[in-house]
Structure formats: structure tokens, C-alpha cells
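Protein chains: 2
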Amino acid sequence: MKRRAAGASGAAAGDAALADLLRQEGAPYDLAGLRALVAGVLAAPPGRDPAAWTTLVVPAPSPSLRQVLLALAAEMRAAPAAAPLAPAERLARLRSELKRRRVHGFLVPRADEHQGEYVPSRAQRLAWLTGFTGSAGLAIVLPRAAAVFVDGRYTLQAQAEVDDRLYVRRHLADEPAVEWVAATLRKGEVLAYDPRLHTVGEVERFRAAAAKAGGSLQALDDNPLDAVWSDQPPPPLAPVTRHELRFAGESAEHKRRSLADKLAAEQVDAAVLTAPDSIAWLLNIRGGDVPHTPLPLAFAVLNSDASVDLFIDRRKLAPGLAEHLGNAVRVAPPDAFGAALDRLGAARRRVQADPASAAAWVFDRLAAAGAQIHRAADPAQLPKARKNPAELEGTRLAHRRDGAALTRFLAWLAARAPEGGLTEIAAADRLEAFRAAGDNFRDLSFPTISGAGPNGAIVHYRASAQSERRLEPGTLYLVDSGAQYLDGTTDVTRTVAIGEPAPEMRDRFTRVLKGHIALATCRFPKGTTGSQLDALARRALWEVGLDYDHGTGHGVGSYLAVHEGPQRISKLANTQALLPGMIVSNEPGYYKTGAYGIRIENLVVVTPLERSGGEREMLGFETITLAPIDRNLVAANIRAIQCRGINRRLIFVVRSVRPLSPCGHNPADRLAVGPEWVRSRGDRTDCGLRGRQPKPLDSIATAR
Amino acid sequence: MKRRAAGASGAAAGDAALADLLRQEGAPYDLAGLRALVAGVLAAPPGRDPAAWTTLVVPAPSPSLRQVLLALAAEMRAAPAAAPLAPAERLARLRSELKRRRVHGFLVPRADEHQGEYVPSRAQRLAWLTGFTGSAGLAIVLPRAAAVFVDGRYTLQAQAEVDDRLYVRRHLADEPAVEWVAATLRKGEVLAYDPRLHTVGEVERFRAAAAKAGGSLQALDDNPLDAVWSDQPPPPLAPVTRHELRFAGESAEHKRRSLADKLAAEQVDAAVLTAPDSIAWLLNIRGGDVPHTPLPLAFAVLNSDASVDLFIDRRKLAPGLAEHLGNAVRVAPPDAFGAALDRLGAARRRVQADPASAAAWVFDRLAAAGAQIHRAADPAQLPKARKNPAELEGTRLAHRRDGAALTRFLAWLAARAPEGGLTEIAAADRLEAFRAAGDNFRDLSFPTISGAGPNGAIVHYRASAQSERRLEPGTLYLVDSGAQYLDGTTDVTRTVAIGEPAPEMRDRFTRVLKGHIALATCRFPKGTTGSQLDALARRALWEVGLDYDHGTGHGVGSYLAVHEGPQRISKLANTQALLPGMIVSNEPGYYKTGAYGIRIENLVVVTPLERSGGEREMLGFETITLAPIDRNLVAANIRAIQCRGINRRLIFVVRSVRPLSPCGHNPADRLAVGPEWVRSRGDRTDCGLRGRQPKPLDSIATAR
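Chains as they are written, first to last, in this note's numbering: chain A, 6 to 709; chain B, 6 to 709.
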């Protein structure tokens with residue numbers, strides 16, 4: 006109590022000084038405006054430089070202004086929140102709001118307006134309402150029942166987080182939400198939804214389900230949950246900065262022109278962009294509005310004259326960004342986006358929008374305004390996926406630094422684990438510290454998955470103080486991690502044996518490795534999709550009746566999202582051919598619930614191959630991830646078969662991180678002093694799995 | 006001239022006698038009616054029993070009536086047609102008819118009202134107009150230009166058949182018709198189409214193309230080409246007969262009930278069936294309206310009470326068929342189909358139709374009448390694809406007889422080819438004769454592809470007197486053939502060396518065989534699609550930069566279409582999981598234009614596997630085709646690698662048909678006296694490619 010009173014009076018005293026400082030340094034904010042700005046800043050993740058936002062107030066704040074601003078932010082962050090509402094009260098308030106609006110039910114998805122993987126705190130409606138904090142899910146609130154739908158990754162987490170007196174829990178895939186609606190909604194009832202948070206396909210499915218129940222589906226103009234979420238954070242305001250040309254490799258002007266020409270050729274007048282990573286790529290900008298992906302949340306319209314209307318909060322543009330954007334990019338506030346769609350419609354324009362990523366609201370609004378809608382993929386998606394030479398060079402350098410950090414970590418782990426007592430979070434923190442020491446490091450690219458023993462079998466495991474385990478002898482340790490560097494984004498998984506692994510672990514690991522190698526070394530004709538190659542990574546497991554329940558590979562951005570499309574290596578049908586320059590992960594695995602998990606993940610670049618006697622244009626993969634694979638987990642009898650099949654193009658780092666490696670060296674000692682390792686390159690003819698004299702690779706030994 | 010006059014007077018004299026006979030035997034036809042019936046009979050392929058149709062006149066015609074009827078048919082078949090119009094005149098008449106109807110252009114697809122692979126003579130509009138007789142294509146007629154679009158299989162054929170002063174020729178895939186329309190149609194012009202001949206998807210694409218050109222697309226009530234095609238054949242009238250329960254394995258009543266229950270569960274009132282093979286399967290009937298597939302052309306509506314409205318020409322129902330169909334199947338004329346759709350609409354029914362197989366006209370008519378349309382796959386398609394135990398047993402027996410015929414042929418070929426002078430058509434005829442000698446044989450399942458040397462490289466080659474080659478030493482001979490038996494449909498391809506093959510031929514053949522074996526022996530989890538497995542069949546070719554430009558496998562019917570869905574093993578994305586009981590072909594190939602073609606095709610059945618230690622429900626393939634593979638084309642060095650990888654589940658007949666086989670036997674001699682061969686089964690542990698003592702397989706030795 007005392008401190009709050011002191012803080013309040015201190016703040017009151019400081020207010021006048023702050024107002025003076027703002028005036029003196031020419032800031033365009035009064036105190037209320039500044040507080041609103043800081044509230045937005047605090048609604049974004051802190052980022053690597055927690056003072057960077059102060060340049061949003063004035064481009065070069067004086068040390069004293071900077072200090073006062075940081076103090077203000079600290080004070081606002083520390084201000085006690087209102088007593089949190091109990092989940093039952095939240096649900097009751099939402100139901101009463103729905104009643105007020107004369108609808109009966111409401112869909113609460115995890116998605117935000119951008120259908121992104123990471124959402125800002127403001128958009129965490131599902132978590133606020135139900136307590137469920139996973140990265141995918143859906144709640145449906147009806148008058149007499151409510152349900153939370155999560156997938157298999159989150160069954161246990163939902164059980165812990167969601168009050169089952171309020172919500173029934175359902176499996177997102179096995180017990181589809183539409184079936185629950187069809188069975189639970191009553192005749193004549195209206196199920197409402199926020200059309201900014203759903204794709205057209207989702208809306209259609211729920212419309213059919215509501216009709217099946219004799220009810221109906223209705224779009225609402227604004228979100229009733231926002232109306233009852235009293236302390237909902239504001240939209241995030243992380244500084245939006247320029248992505249330098251040396252990393253981007255192509256000017257924003259050139260990108261705009263190139264995409265606009267394609268639109269014009271298709272007789273499209275404008276394309277709506279709602280995916281922030283597309284906008285970031287197109288305009289060579291980066292932000293920090295959500296965790297782990299440098300996204301500036303925004304909407305945009307790319308016109309066929311190569312101009313762009315960018316709908317973004319001006320307050321978050323870092324100094325100099327307006328000049329970077331140039332005159333052909335018109336900046337308008339986010340809430341002007343709807344009116345812009347109306348104008349396109351009124352002018353009877355042919356407007357392209359992507360049904361996979363743009364919200365139903367965009368289509369509804371364009372159609373109502375009279376636009377001709379052209380449904381087609383986000384025009385930035387494919388060029389963004391095909392990295393240019395500068396981006397590829399950048400990502401190779403980033404992978405060298407990242408590989409050095411991971412190798413240091415694995416060497417440290419090999420030395421540290423036998424001492425005992427090492428825990429998952431401590432290990433992940435150590436790995437992060439190795440990475441953070443590298444040049445151009447900005448953030449992890451996702452929360453590290455650090456799973457010991459049975460926790461390794463949880464595919465999207467995230468260690469907590471409650472869940473974490475020690476790395477015990479005789480178990481496997483799985484670490485899936487990555488980083489955002491200015492020059493590239495990494496994502497790598499290694500599984501290592503702590504102590505001596507059981508024969509079954511070796512067998513499974515070797516089958517996963519066989520799949521990994523089969524994919525890494527395959528050659529395929531131009532036009533091949535990732536779906537066509539997926540089975541190569543699974544075949545060695547299928548042979549003995551095993552499999553894994555996740556995709557084999559996802560696209561990866563260039564200092565952007567660690568998961569991006571349109572390419573994918575997956576069981577799911579996908580029509581996007583793998584094209585030169587695309588980065589994709591190669592990550593088969595095997596998971597034994599309650600026992601252990603195995604995953605071996607490298608990133609690869611799709612690369613044209615020399616024709617050399619063949620008839621077709623062929624492509625292959627260049628593995629760019631550099632880190633040892635635990636040779637102690639390779640079973641010799643399976644290896645023998647594999648070696649004969651794939652002995653030409655092995656491009657892995659294959660080296661034990663265990664003190665007693667089969668080749669008689671003590672790589673852990675070596676690795677502890679520096680990132681020296683063997684890299685079996687394509688010009689070697691053995692498979693790299695046999696004992697080999699480690700050689701330092703000088704260029705990498707000095708990489709930071 | 007003399008003969009014609011005699012025939013005419015003879016017919017006049019015979020007319021009175023025929024009228025008497027018809028009356029005496031209680032036929033429901035007068036002479037005009039009979040002539041109309043016979044015209045329909047003649048518009049269908051002749052079939053195996055060219056007198057079978059006489060039972061359509063009276064159930065048991067007397068020998069004298071039968072004789073007179075056959076004479077009438079012979080006379081009508083021989084009657085001279087009107088002098089054929091020149092192609093330029095046909096095109097001119099169509100253009101003037103379009104002008105009369107105030108439209109500018111018209112689409113002439115190869116498809117008929119059923120979107121089938123084989124179409125009756127009446128529906129061969131593309132061939133009548135342009136001369137192009139291939140099995141896929143499209144013509145577009147505009148006021149100042151006309152184009153014919155064919156795919157790569159038919160480039161040469163179209164060049165020979167289509168007059169390039171009238172039509173520009175385009176590649177169906179590389180130069181899409183919609184782009185030609187967008188570039189060629191003029192502003193304000195109307196492109197017309199017959200909505201019974203196009204799917205909704207096609208219509209949408211052409212609508213967009215016409216709009217892009219500033220024109221429009223318009224459906225016509227009837228086909229203007231039919232109006233100018235003066236001697237267009239009538240709809241075919243081949244006898245529709247019962248498919249016996251011992252072959253079908255499930256009664257039609259049970260099938261109707263089972264499908265209707267599923268419709269009811271989905272709250273669908275009725276499903277429209279426009280695919281004749283679905284109707285044939287559902288009602289356990291077979292017909293003969295098109296070549297090589299025992300289809301009764303018809304439409305149907307399956308109601309959720311398990312009754313069926315069948316729209317079919319009653320005249321073609323064989324004696325006893327009405328009893329077989331029963332009271333729950335109401336028969337109405339084909340032209341009552343539209344009114345039935347109107348009634349469903351007027352009653353506001355929820356009606357299911359398949360956008361992939363039903364014509365746009367069905368959707369238009371249902372929508373206009375007020376029906377709620379439920380777009381979903383033809384409900385018979387999936388159960389038809391999953392063969393029941395009786396169908397599987399039938400197909401295994403059919404494959405034994407078929408394998409015996411093919412093996413006799415290959416043995417004959419091994420002896421005959423070295424004598425020289427053997428031609429493609431003579432070889433195909435010999436093969437057909439071997440097949441026709443077997444029990445339950447009804448027809449070939451498609452025109453035999455009999456390709457010597459360079460002709461083998463033409464994937465859908467059909468030998469003609471002009472094109473056929475001799476089987477020369479040092480070349481490959483490819484024969485892709487199959488038959489319709491009452492108990493099953495077969496489709497098999499073998500490639501054999503005539504004389505000594507070149508090392509490159511052996512290398513390519515062995516790679517194709519490796520792919521074939523990789524697919525035949527693979528194990529995969531429940532839920533896997535054919536698209537996921539396709540790469541296994543291509544990998545050995547991809548390794549050296551080669552590939553083939555067709556799918557790896559298609560579904561096969563049970564005494565039905567040799568190509569059926571929904572499953573497929575293909576590069577193309579496909580979401581249909583392979584399910585137990587599905588039959589699919591396994592047919593990788595390699596084609597060197599101007600030199601030789603290789604294809605190795607067996608049919609396989611999707612089969613559940615024992616779990617034996619694994620965790621997942623796994624499936625595999627049972628190869629049901631039985632015929633030797635030419636071991637003289639297997640390269641030992643590649644074989645060695647393959648053997649080690651796949652030595653457990655080889656299930657092929659692998660035996661040379663050449664006099665000097667590697668195992669020192671003279672299998673040709675043996676094969677010439679009977680179908681004895683080695684079948685390496687799953688319980689053997691070698692790969693079957695090594696020398697082995699041939700053993701007679703008694704049950705097959707006596708198979709007919």
C-alpha cells in the first residue's frame with residue numbers, strides 16, 4: 006500500500022517534468038498520448054532492446070528523456086491489474102452480452118485478424134475466456150453448454166488449464182467442432198461469430214453445421230468478447246524498422262513493381278494483403294508485435310500501379326521508416342482499412358484476396374461494396390518463399406553461427422549431463438545463451454522444446470517448472486530450437502542419448518535417421534511437391550509398423566516466420582511444387598508416449614542439380630543446418646543397409662557428442678573448446694556414419 | 006447397284022412377313038418401332054453375342070424371327086449413309102446455326118452427358134466436327150477462328166486427323182483453352198456451351214475466360230451441333246442384363262439400403278447419379294452401350310428411402326430385368342430426368358450431386374427449381390471401389406485365366422518373334438484369341454496397346470495398318486492389355502526384349518522394375534493416399550534424372566470400368582486414402598521417344614497387414630496379376646542393390662519368356678504347352694530375381 010501511494014505521488018510529481026521534457030524535445034505526444042503509446046509498447050513482447058521504443062517518442066531522445074520514459078514504462082508494467090475475473094464469471098459475462106445482442110452462441114477461435122501462428126496479447130481471447138494458452142484451439146459458447154476444442158498436442162495442457170465444470174473438452178480433429186454444433190445448437194438458435202477472425206471456409210462449415218441443427222450462423226460487427234474483456238490490452242506497438250537491403254537482397258520498390266506487374270497481367274486492380282509476414286517481406290520492414298517472429302501487424306492493399314496502401318498505426322514507425330517506405334506507400338490507420346475496401350468496391354475494381362489467409366470479413370466487405378473478387382493466393386507468398394541469393398547467403402551464415410552455438414551446447418551437455426541434476430529449463434537457457442552470443446541474434450524463433458525422457462515424446466512440449474524433468478542416464482533428450490538472426494531464421498532438432506541408450510532407442514533413432522537421409526539425398530524432377538516426397542522420410546518406420554503424427558517439413562522465412570508456406574513436406578495433399586530457393590525443414594521423428602521422443606531436423610534449400618546424362622530438370626536439397634548427430638544412437642545393422650543405398654550425397658554433420666565416440670576420439674573435449682567438427686560433403690563417397698578422423702573446419706571454427 | 010435393288014425389294018417383301026412374325030410372337034413393336042430399336046442397337050458396339058439384342062424384341066424369339074431380325078440389322082448396318090460432309094462444311098453449318106441462335110462461339114468437348122471415358126457414337130461430336138478421334142480433347146468454334154485442344158498423347162494423331170486450314174491445334178495442358186478464349190473472343194461476343202456436357206468447374210473457368218475477354222458465356226437448352234449433324238446416330242440400345250449375385254457379392258437391395266442410410270444420416274433426401282458405372286454397381290446391372298466397359302447409359306436418383314428412380318430407355322432392358330430391379334426401382338424414360346430434378350426442387354429437397362462427375366446442367370436445374378444442393382462425391386463411388394470378398398475372389402480367378410492367356414501369348418511370342426515378320430496387330434490379335442478362349446470372357450477392357458520399338462514410347466499408342474511396325478531383333482515390344490470377364494476386369498503391361506537388348510534398355514527396365522517392386526512391397530499406415538506412395542515407384546528413375554509422364558496407378562472396377570476412382574497413385578494431389586479391397590494398378594514406365602517404351606503393370610489389392618510388433622494399423626498390396634516378367638531385361642548390378650532392400654515380400658512372377666533364360670531352362674517350351682511358372686510368394690526370402698528351378702503351379706496349369 007505504501008509503495009503504491011508513493012508511486013502515485015511520485016508519478017504525479019514526475020508528470021509535470023515529463024510533460025516539460027516532451028515539449029523540449031519536440032515529441033508529438035501529450036501525457037495521455039504518451040501513456041497510450043506506452044500501453045501499446047507494453048502489449049508487445051519486450052524484444053532484445055527494451056529501450057528501442059523510446060525512439061518512437063522522439064527520434065533521438067536525450068538520456069534524461071529516455072530514462073524517464075523507461076521509468077514510466079516500468080511503472081505502468083508494474084501497476085497492479087484489476088483483480089482477475091474467475092473463468093465462470095468471464096463466461097457468464099460473455100453469455101449475458103450475447104443475450105443482449107440477441108444471439109445464442111459465439112465462436113472464440115485462437116486466431117487473430119491475420120490468421121497468424123503467434124497472436125498479440127490483445128487477441129488472446131481464447132486464453133482470456135477459457136484459460137487455455139496453447140497455440141491452436143477453439144471455444145464455442147452456447148446458452149446451455151460450452152466446449153473447448155484442442156488437438157492431440159494439447160490434450161493434457163487443456164486438461165490442466167480449462168475448468169471442466171464450464172467447458173467440455175473435445176479433440177479438434179477426431180470430434181469436429183462442426184459436429185458438436187450440429188448436435189448441440191437448438192432449432193432457431195443463432196450462432197454468432199466475428200468475421201474478422203475466421204476464413205471463408207470455416208464460416209461455410211459452421212454455417213452448414215448450424216443449418217443442420219435448424220439454427221443459423223450470423224456475423225457480428227464487433228466482437229462481444231472484447232466488450233466484456235475489461236482490461237483487454239491495446240494493439241501492440243513495437244517499433245517497425247527497415248530490413249536492410251544487404252539482408253533482403255531485393256529492394257521493396259522492385260518487389261512492389263514485380264508483383265504489381267503480375268496483377269496487371271491478370272487484369273487484377275488490387276490485391277489485399279492481410280498476412281503481416283507478406284507485408285514485411287514486400288516492404289522490407291520488420292516489427293516486434295508478436296513473440297519470436299519480427300512481424301509488424303498491419304494490413305495492406307497492393308495496387309496494380311505498384312503503389313501500396315499500408316494500414317498500420319503510425320506511432321510504431323521507427324525514425325526514418327517513412328523515408329524508407331517512400332511516396333508510393335501511403336500510410337493510413339488500421340481502422341481505415343474497411344473504408345478502403347469499400348472504395349475499391351464502389352469503383353468496381355477487380356480485387357484479389359486469399360481465401361486461405363484473409364478473413365471472411367474481407368470478402369464480405371468487398372462483395373457488399375460491389376468489387377469483383379478474384380480468389381487467389383497472397384501474391385507475396387510464393388516470391389517470399391523463394392529466397393534470393395542474398396537471403397540464401399545470409400541464411401547460410403546464420404546457420405554457421407547457429408550451428409556453432411548448438412555444437413557448443415551439445416559439447417557442454419556431453420560434459421555436464423553425466424554430473425547429473427541437469428534440468429530441461431537449465432539446458433534450454435544454456436542453449437539460448439550460446440545463441441545470444443552470436444552476431445545478428447535477435448530472438449529465438451520459437452520457445453525451445455527441451456524434452457527429457459517422456460517429455461521428448463510430447464511433440465510441442467514446453468518445459469515449465471511443474472513439468473520439467475532431469476536428464477537422467479539411459480534416457481533420450483530432445484531439443485528443438487532455433488533463432489531469429491537479421492540474416493536468417495534457424496530451426497534445428499537434435500536427439501541425444503544421456504548415458505547408454507536401449508537397443509530399441511537405437512533402432513528407432515536409426516530408422517528416423519534413414520528417413521532423414523533418404524529425404525536429404527533425394528533427387529526429384531521439377532514440379533514435384535513436398536507431399537510426393539513425404540513417404541521417403543517415413544518408409545523405414547513404416548517397414549516395422551511405426552510412424553509419426555506430424556508433417557515432415559515446413560517452409561522457413563528469412564528473418565521472418567519459422568513456419569511459412571506455401572510449400573510443405575507432409576502427408577496432407579499440397580499442390581505447391583518445390584522451387585529453387587525455397588527453404589524447408591527435414592524433420593522425421595518417432596515418439597513413444599511415456600518413454601521417449603526422437604526427432605532429427607535440419608533445414609534444407611531446394612537446389613537445381615546438374616543434368617549429367619539425365620533427361621529431366623532435376624532438383625535436390627542442400628542441407629544448411631550444421632550440427633552433430635549423435636552417432637551413439639545409430640544401430641549398425643540398419644546402418645549397413647542404408648549406407649549402400651545412399652552413399653553418394655550425404656551432407657550431414659555426423660559425429661557423436663559423447664565422450665566415447667566409435668572413432669575413439671573425445672569430441673566432447675574438442676567441442677568444448679570450439680566448434681570443430683567433421684562435415685561429410687557430397688564429394689566424399691562414404692556415408693559418413695563410419696568412424697572418421699575429426700578435422701577442424703577452419704571457416705566455421707572462427708564463426709560467431 | 007444390283008444388290009442394293011434386290012435388297013430393297015427383298016426388304017419390302019420381307020416387311021409383311023416380319024410384321025406377321027412380330028404379331029405372332031407378341032412383340033410390342035410395329036415395323037417403325039422395330040427399325041428405331043435396331044437403329045439404337047446398331048449405335049452400340051456389337052458385343053460378344055451379336056444376337057443377344059433380339060431378346061429385346063420378344064424374350065424368346067423363334068429361330069425364324071431371330072433370323073429375320075438379324076437380317077434386318079445386317080441390312081440396316083449395310084445401308085449406305087448419306088455422302089459425308091466435308092469438315093469445312095460441317096464447321097460452316099455449325100457457325101451458321103450459332104448465328105441463327107445469336108451466339109458467337111461454341112464449346113465442343115469430347116465428353117458426353119456422363120463424363121465417361123468411352124462415349125457412344127451419338128456423342129462423338131468432337132470427332133464428327135473436327136475428325137479428331139482421340140479419347141480426350143476439346144474444340145472451340147468462334148466466328149473467325151476455331152481451335153482443337155489435345156494432350157501430348159494425341160499431338161501426332163491430331164496432326165493427321167484435323168485440317169489445319171480450319172483449326173489451330175493447341176496443347177490442352179501447356180496452352181490452356183481458357184487462355185485461347187481470353188485472347189481470341191472479342192468484346193461483347195457470346196461463347197455458348199451445352200451445359201449437359203461440362204462440369205461446373207469447367208463452366209466457371211470458361212466463364213472467367215470469357216469475362217476476361219469482355220465477352221460472356223451462355224448455356225444453351227439444346228446442342229446446336231446436334232441440329233446440324235443430320236445423320237447423328239440415336240442413343241445406343243444394348244441389352245441391359247443382371248450382374249449375378251455370385252459375382253456382385255452384395256444384393257442391389259442391400260446396396261441401396263446401405264447408401265440410403267448414409268444419405269439419411271447426412272440429412273440428404275436424394276442423390277443424383279449420372280455416372281453409369283455407379284448405377285451399374287448400385288443396381289447390379291450391366292450393359293453394352295459403349296466399347297470395352299459394360300455400361301448401361303442411364304441417369305438415376307437414389308432416394309433416402311432406398312428407392313431409386315432410374316432414367317433409362319425401357320427398350321434396352323433384357324427379359325427379366327424389371328423383376329431383378331424390383332418395385333423399389335421406378336423406371337422412367339431418360340427425358341423425364343429433368344422433370345424429376347424439378348420436382349425435387351419444388352419439394353425443397355436437399356439433393357446431393359457430385360461436382361466432379363455430374364454436369365453443370367444438373368446443378369443449374371436443381372438450383373432453378375429451388376432444391377438445396379449438397380455438393381458431395383457420388384455416394385456409390387467409394388463402396389464400388391472397395392471390392393467385397395466375392396468380387397475379390399472373382400478378380401483373382403479372372404486374373405488366373407488372364408495370366409494363363411498372357412503367359413501362353415508370351416511363350417508363343419518367344420517362339421514366333423525370332424522367325425521375323427510379326428506385326429503389332431497380328432500380335433494383339435493373337436493375344437485376344439488366347440484371352441477369348443477363357444471362361445467368362447466378355448470383351449477386352451480397352452483396345453490393346455501393342456507397340457514395337459519406337460511405337461512402345463507412345464503411351465496411349467493404338468496400332469493401325471499405317472502405323473504398325475514389325476517386332477525386330479534388338480528392340481523392345483510393349484503390350485498393355487486387359488479383358489472384361491464376368492468375374493473381374495484385368496489390365497496388365499509387359500515389356501519384352503526381342504533378341505538381345507542394349508545395356509541402356511536393361512538399365513531403364515531394371516529401374517522401372519525397382520520402382521514397381523518398391524511400390525508392390527511397401528507397407529503403409531491406414532489413411533495413406535496413393536499420392537503419398539507415387540514417388541516410391543519413380544525414385545530409381547529420378548536417381549539418374551529420368552521420369553515418366555503418367556500416373557503410376559488407377560483404380561479398376563469389377564466387371565466395370567478399367568479406370569475408376571476415387572483412389573489413384575499419382576503425382577497429382579489426391580485426398581482419398583487407400584482402403585482395404587481397393588484394386589489399383591502399379592505401372593511405372595520409361596519412354597524414350599523414337600526409340601522404345603517400357604512399362605511393367607500389375608494390378609494389386611489393398612490389404613490389411615498383421616500388426617506383428619508395430620504400433621499402427623498397416624496396409625500393403627497383394628499383387629493379383631500373374632504373368633512372367635522378362636528377366637533378360639534385368640541388369641544384375643542394379644538388381645543387387647534392390648535385392649538387399651526388398652527381399653522379404655516379393656510376390657511377382659519373375660521368369661524369362663526367352664528361350665535361353667539365366668537359369669538354363671527353356672521356359673518358352675514349357676510355357677507353350679501350358680501356363681506353368683514360378684510364383685515367388687511372401688514366404689520365400691529371396692527376391693525372386695535369381696535363377697530358380699521353375700515349378701508348375703497346378704491350380705493355374707488347369708485354369709482356363
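For every residue, glycine included, the Cβ atom is placed at its ideal position computed from N, Cα and C.
As for any beta strand (DSSP E) of minimum length 3 sitting wholly inside the segment 251 to 299 of chain B, the runs are 275 to 278, ordered along the chain. Collapsing the DSSP output to three states places Ser101/B in a helix. Glu509/A has a beta carbon lying at 7 Å or more from every beta carbon in chain B. A residue is called buried when at least 16 other Cβ atoms come within 10 angstroms of its Cβ; Gly479/B does not meet this threshold and is exposed.
Note on geometry: alpha-carbon atoms of Gly461/A and Ser235/A lie some 39 Å from one another. Distances from the alpha-carbon of Ile603/B to those of Leu307/B, Val609/B and Tyr595/B put Tyr595/B closest. The residue among Gln120/A, Leu584/A, Ala470/A and Thr630/A with its C-alpha nearest the C-alpha of Pro388/A is Leu584/A. Scanning its chain for C-beta atoms nearer than 6 Å, with the 5 sequence neighbours on each side dropped, one finds around Pro50/B the residues Pro296, in chain order. Cys527, Arg528, Phe529, Pro530, Gly532, Thr533, Thr534, Ser536, Gln537 and Leu538: these are the residues of the segment 526 to 538 of chain A whose beta carbon lies less than 9 Å from some beta carbon of chain B, given in chain order. Identification of residues in the segment 617 to 628 of chain B having a C-beta nearer than 8 Å to some C-beta of chain A yields Ser617, Gly618, Gly619, Glu620, Arg621 and Met623, given in sequence order. If you ignore the 5 residues before and after Gly586/B, its C-beta comes within less than 6 Å of the C-beta of Arg391 and Lys392, all in its own chain and listed in chain order. DSSP places Tyr159/B in the helix class (H, G or I) of the three-state scheme. At a cut-off of 7 Å between beta-carbon atoms, Thr557/B makes no contact with chain A. Distance from the Cα of Ala152/B is smallest, within the candidate group Met623/B, Gln120/B and Ala188/B, for Ala188/B. With a beta-carbon spacing of about 15 Å, Leu565/A and His404/A fall beyond the 8 Å limit used to define contacts.
The criterion of a C-beta distance shorter than 7 Å is not satisfied by Ser450/B and Gln120/B. Contiguous beta strand (DSSP E) elements confined to the segment 354 to 378 of chain B occur at 355 to 358, taking only those with 3 or more residues. For Glu166/B, the closest of Ser140/B, Glu180/B, Glu184/B and Gly136/B by C-alpha to C-alpha distance is Gly136/B. The beta-bridge partner set that DSSP reports for Ser590/B consists of Leu608/B.
Restricting attention to Ala280/B, Asp318/B and Leu411/B, the CA atom closest to the CA of Asp359/B is found in Ala280/B.
Residue burial is scored here from C-beta neighbours: Lys260/B has at least 16 other C-beta atoms within 10 angstroms and is therefore classed as buried. Residue burial annotation: Asp485/A is buried, with at least 16 other C-beta atoms found within 10 angstroms of its C-beta.
A check of alpha carbon separations from Gly520/A across Glu592/A, Glu620/A and Glu249/A identifies Glu592/A as the nearest.
At least one CB of chain A lies nearer than 7 Å to the CB of Gly550/B.
Annotation for Ala457/B: the continuous beta strand (DSSP E) segment containing it runs Ile454 to Ala457. Close CB contacts of Arg105/B within its chain, under the 7 Å cut and outside five residues either way in sequence, are absent. Against chain A, a Cβ distance below 7 Å from Asn579/B picks out Ala578.
Checking the DSSP bridge columns, you'll see Thr189/B has no partner listed. If only complete runs of 3 or more residues are kept, the segment 129 to 155 of chain A shows the beta strand (DSSP E) at 143 to 146 and 151 to 155, in order along the chain. Segment contact: the segment 367 to 378 of chain B against the segment 333 to 351 of chain B, three or more CB-CB distances shorter than 8 Å; contact assigned. Look at His329/A here: in three-state DSSP terms it is helix.
Bridge partners of Ala488/A according to DSSP: Leu449/A.
Proximity of chain A to Ala540/B at the Cβ level (cut-off 7 Å) is accounted for by Gln537, Leu538, Ala540 and Leu541, in chain order. Considering only beta carbons, no part of the segment 363 to 378 of chain A lies closer than 7 Å to chain B.
In the three-state scheme derived from DSSP, where H, G and I count as helix and E and B as strand, Gln537/B is classed as helix.
Under the DSSP assignment, Val313/A falls in the beta strand (DSSP E) whose first and last residues are Val313 to Phe316.
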